[in-house]
Amino acid sequence: MSSLQPVRGTHDLLPAEMRRHREVLETARAVADRFGFDEIATPIFEKTEVFKRTLGDTSDVVTKEMYTFEMKEGEEITLRPENTAGVARAFMSNGLSQQLPVKFLYCGPMFRHERPQKGRQRQFHQAGVELLGVDKPQGDIEVISLGVQFLKELGVYENTVLELNTLGDSESRAAYRSALIEYFSAYRDQLSEDSLNRLEKNPLRILDSKDEGDRKLVADAPVFSDYLNDHSRAFFTEVRAGLDALDIPYTINPRLVRGLDYYCHTAFEFTTTALGAQGTVLAGGRYDDLIKTMGGPATPGVGWASGVERLSMLMTREIAEPRPVAIIPMGEEAEKRALVLANNLRLAGFRIEHGYSGNLKKRLIRANKLNACAAIIMGDDELAENSATLRDLVSGEQSLVKLDEMVEKLSIYR
RNA sequence: GUGGCUGUAGCUCAGUUGGUUAGAGCACCGGUUUGUGGUACCGGGGGUCGGGGGUUCAAGUCCCCUCAGCCACCCCA
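Each residue of the first sequence is one higher than the last, beginning at 56 in our numbering.
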């Protein structure tokens with residue numbers, strides 16, 4: 056065992072795992088494309104204030120999980136813990152408010168200084184979508200249905216459940232917030248320490264507590280639906296109607312509260328029981344005030360982010376390993392001609408492994424290890440006839456093939 | 001950040017109440033003579049037993065610290 060370990064909470068994506076990782080990303084891209092979402096990429100670090108202002112001073116992500124560095128100039132930058140703030144910043148920086156709505160997909164690494172465990176690394180990857188400029192429930196519905204389709208095409212949808220809630224508009228949330236503070240204040244002595252801290256800062260989070268004492272209190276706490284104003288209620292009704300129309304099942308979870316402060320109205324979460332404690336696989340919601348909060352033009356938004364590693368773990372599908380064709384030249388003259396043949400076949404779209412050294416036997420062994428489907432053996436005998444021996448490595452059958460007919464003969468291996 | 005479990009070759013694991021040069025399977029490399037792989041047989045390389053300190057005549061085995069992973073809390077994708 057080497058003493059050179061990767062930094063805590065980080066890991067390498069070796070080819071087998073990277074193939075699965077990439078499958079998740081390619082699926083996200085393909086599905087997003089059909090929904091009209093274009094991929095963008097924003098920097099993996101931003102000025103610290105981009106995250107501080109948007110995620111909220113009370114969120115754990117901001118208060119204890121950010122990787123923040125001070126630059127020589129004294130400026131503070133932070134490795135992005137999520138990408139919605141970065142997309143919003145890019146939206147503003149590039150004046151995209153002139154071409155609403157905008158629909159974006161992003162993929163890439165995020166960084167949070169948490170205690171690592173299964174499904175939770177310090178550097179992890181998300182694929183997410185953001186829809187900016189649509190204040191109607193159709194936006195929420197489209198974004199959720201995009202998530203559903205994504206999970207379906209990964210083959211993991213059956214292992215997830217969709218939980219749904221509404222956080223109302225700011226008026227409703229403010230009303231509910233004070234009702235909660237009033238209610239829980241009467242039980243200060245019974246609240247857990249964590250929840251006591253949340254009481255003034257973010258009482259909604261108490262609803263999500265797993266502390267037994269808290270849960271008893273939560274059971275009789277005011278319910279949000281009593282504090283929703285007409286607009287918020289109508290909005291939620293319409294979102295639900297849309298999901299029903301699309302046959303997307305969900306359960307209402309009144310305790311589903313997003314951890315980041317910018318959310319309003321729709322909050323949703325696809326969870327699984329198959330990954331242990333880190334069961335959230337794709338989650339998001341609406342954030343109508345985010346861009347205004349950042350100093351931009353009031354622009355509604357809705358989106359989600361998914362955990363690529365978690366999806367990859369959940370995905371049971373076997374990803375086929377690539378099967379190359381091995382070229383095996385024998386002798387100096389053959390080496391030269393193999394170089395040209397390999398190049399031509401590559402240009403024709405084949406994955407070609409050009410053995411680097413060794414005799415026929417060794418190269419065949421190596422071809423076998425590379426899971427090659429066929430080998431092209433080029434010796435003086437064959438070359439004298441401008442041909443090579445094409446050997447099928449599964450059946451063991453082989454035949455003499457003219458070099459200029461090789462592309463055609465190989466077509467069965469595509 | 002809190003608590004619990006774990007850490008021996010690339011991988012999966014043995015290693016007896018602390019006792020000589022630390023083992024197996026798989027993997028890897030080489031061989032079983034000529035230009036034919038997968039199977040079989042033979043041989044080989046590879047470990048400062050996660051790291052550091054301590055107890056002891058003697059530590060992979062006991063104690064302390066530390067690092068990492070896993071599980072739960074927490075948080076969240």
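For every residue, glycine included, the Cβ atom is placed at its ideal position computed from N, Cα and C. Quick caveat: nothing in here was measured; it's all calculated off a predicted structure.
Best match in the options for proximity to residue i [C-alpha to C-alpha]
i	options	result
lysine 102	Thr327, Arg135, Leu458 and Phe90	Arg135
methionine 349	Glu81, Glu94 and Val105	Val105
glutamate 376	Lys417, Tyr411, Ala145 and Cys428	Cys428
phenylalanine 100	Arg108, Pro164 and Asp285	Pro164
glutamate 364	Leu59, Ala389, Arg63 and Arg77	Arg77
glutamate 120	Thr139, Val86, Arg170 and Val79	Arg170
glycine 223	Arg260, Ala71 and Asn284	Asn284
glycine 210	Leu425, Glu440 and Thr371	Thr371
phenylalanine 205	Ala360, Asn149 and Gly413	Ala360
valine 336	Asn214, Lys464, Lys417 and Pro70	Asn214
arginine 406	Ile431, Ser412, Glu388 and Lys417	Ile431
aspartate 266	Glu463, Tyr282, Gln245 and Leu298	Gln245
valine 380	Thr82, Arg418, Asn138 and Arg310	Arg418
leucine 298	Pro192, Arg74 and Arg341	Pro192
leucine 272	Leu251, Ala439, Pro156 and Gly334	Leu251
valine 116	Met126, Glu125 and Thr133	Thr133
serine 470	Met433, Gly434, Asp67 and Met385	Here the chain has residues from 56 to 469 only, and residue 470 is not among them.
methionine 368	Gln333, Tyr342 and Gly339	Gln333
asparagine 149	Tyr161, Cys319, Asp275 and Gly351	Gly351
histidine 168	Ala393, Asn257 and Val62	Val62
serine 442	Met461, His66 and Phe290	Met461
isoleucine 95	Arg144, Gly194, Ala289 and Val79	Arg144
Local Cβ density within 10 Å of residue i, reported as buried at 16 or more and exposed below that
i	result
tyrosine 317	buried
glutamine 176	buried
aspartate 436	exposed
lysine 391	exposed
aspartate 269	buried
histidine 409	buried
serine 57	Its pLDDT being 41, under 50, serine 57 is placed unreliably in this model, and the value from its coordinates should be taken loosely. With fewer than 16 other Cβ atoms within 10 Å, it is exposed.
leucine 402	exposed
aspartate 344	buried
alanine 85	exposed
glycine 404	exposed
leucine 155	exposed
alanine 229	exposed
valine 395	exposed
isoleucine 196	buried
serine 450	exposed
serine 454	exposed
Beta-bridge partners of residue i, as assigned by DSSP
i	result
asparagine 220	Ala322
glycine 404	DSSP, once it has assigned bridges, lists no residue as partnering glycine 404.
threonine 306	Glu218
glycine 183	Tyr161 and Ala360
histidine 409	Ile382
serine 454	Leu445
methionine 121	Its beta-bridge partners do not exist; DSSP assigns none.
alanine 300	BP columns for alanine 300 are empty, so no partner.
methionine 126	Answer is none; methionine 126 lacks a bridge partner.
methionine 433	Pro384
glutamine 178	Phe166
Anticipated Cβ contact below 8 Å, residue i with residue j, distance rounded
i	j	result
serine 264	leucine 254	Contact flag wrong, Cβ pair sits at about 11 Å.
tyrosine 122	phenylalanine 166	5 Å
phenylalanine 323	isoleucine 199	6 Å
valine 203	alanine 87	The Cβ separation is near 13 Å, so there is no contact.
glycine 356	lysine 173	Actually they are not in contact, since the Cβ atoms of glycine 356 and lysine 173 sit about 31 Å apart, beyond 8 Å.
glutamate 218	threonine 306	6 Å
phenylalanine 159	isoleucine 346	Actually they are not in contact, since the Cβ atoms of phenylalanine 159 and isoleucine 346 sit about 13 Å apart, beyond 8 Å.
alanine 140	threonine 118	Not a contact, Cβ separation roughly 15 Å.
leucine 415	isoleucine 383	6 Å
glutamine 178	glycine 64	7 Å
tyrosine 282	alanine 329	In fact, because the Cβ distance is near 35 Å, the residues do not count as touching under 8 Å.
asparagine 220	proline 309	6 Å
glutamate 125	glutamate 131	6 Å
tyrosine 238	proline 277	6 Å
leucine 201	phenylalanine 90	5 Å
serine 225	cysteine 162	So it is not a contact: roughly 31 Å between Cβ atoms.
leucine 259	arginine 232	7 Å
glutamate 388	leucine 438	7 Å
Identify every run of the alpha helix (DSSP H) within the segment 130-174, keeping only runs that are complete inside it and at least 4 residues long; order them along the chain. 139-148
For the segment 310-376, list the beta strand (DSSP E) runs that are entirely contained and at least 3 residues long, ordered along the chain. 319-326, 335-341 and 356-362
Report the start-end ranges of each beta strand (DSSP E) in the segment 83-107 that is 3 residues or longer and not cut off at the edges. 100-102
Please give me, in chain order, every unbroken run of the alpha helix (DSSP H) with length at least 4 that falls completely inside the segment 265-293. 267-274
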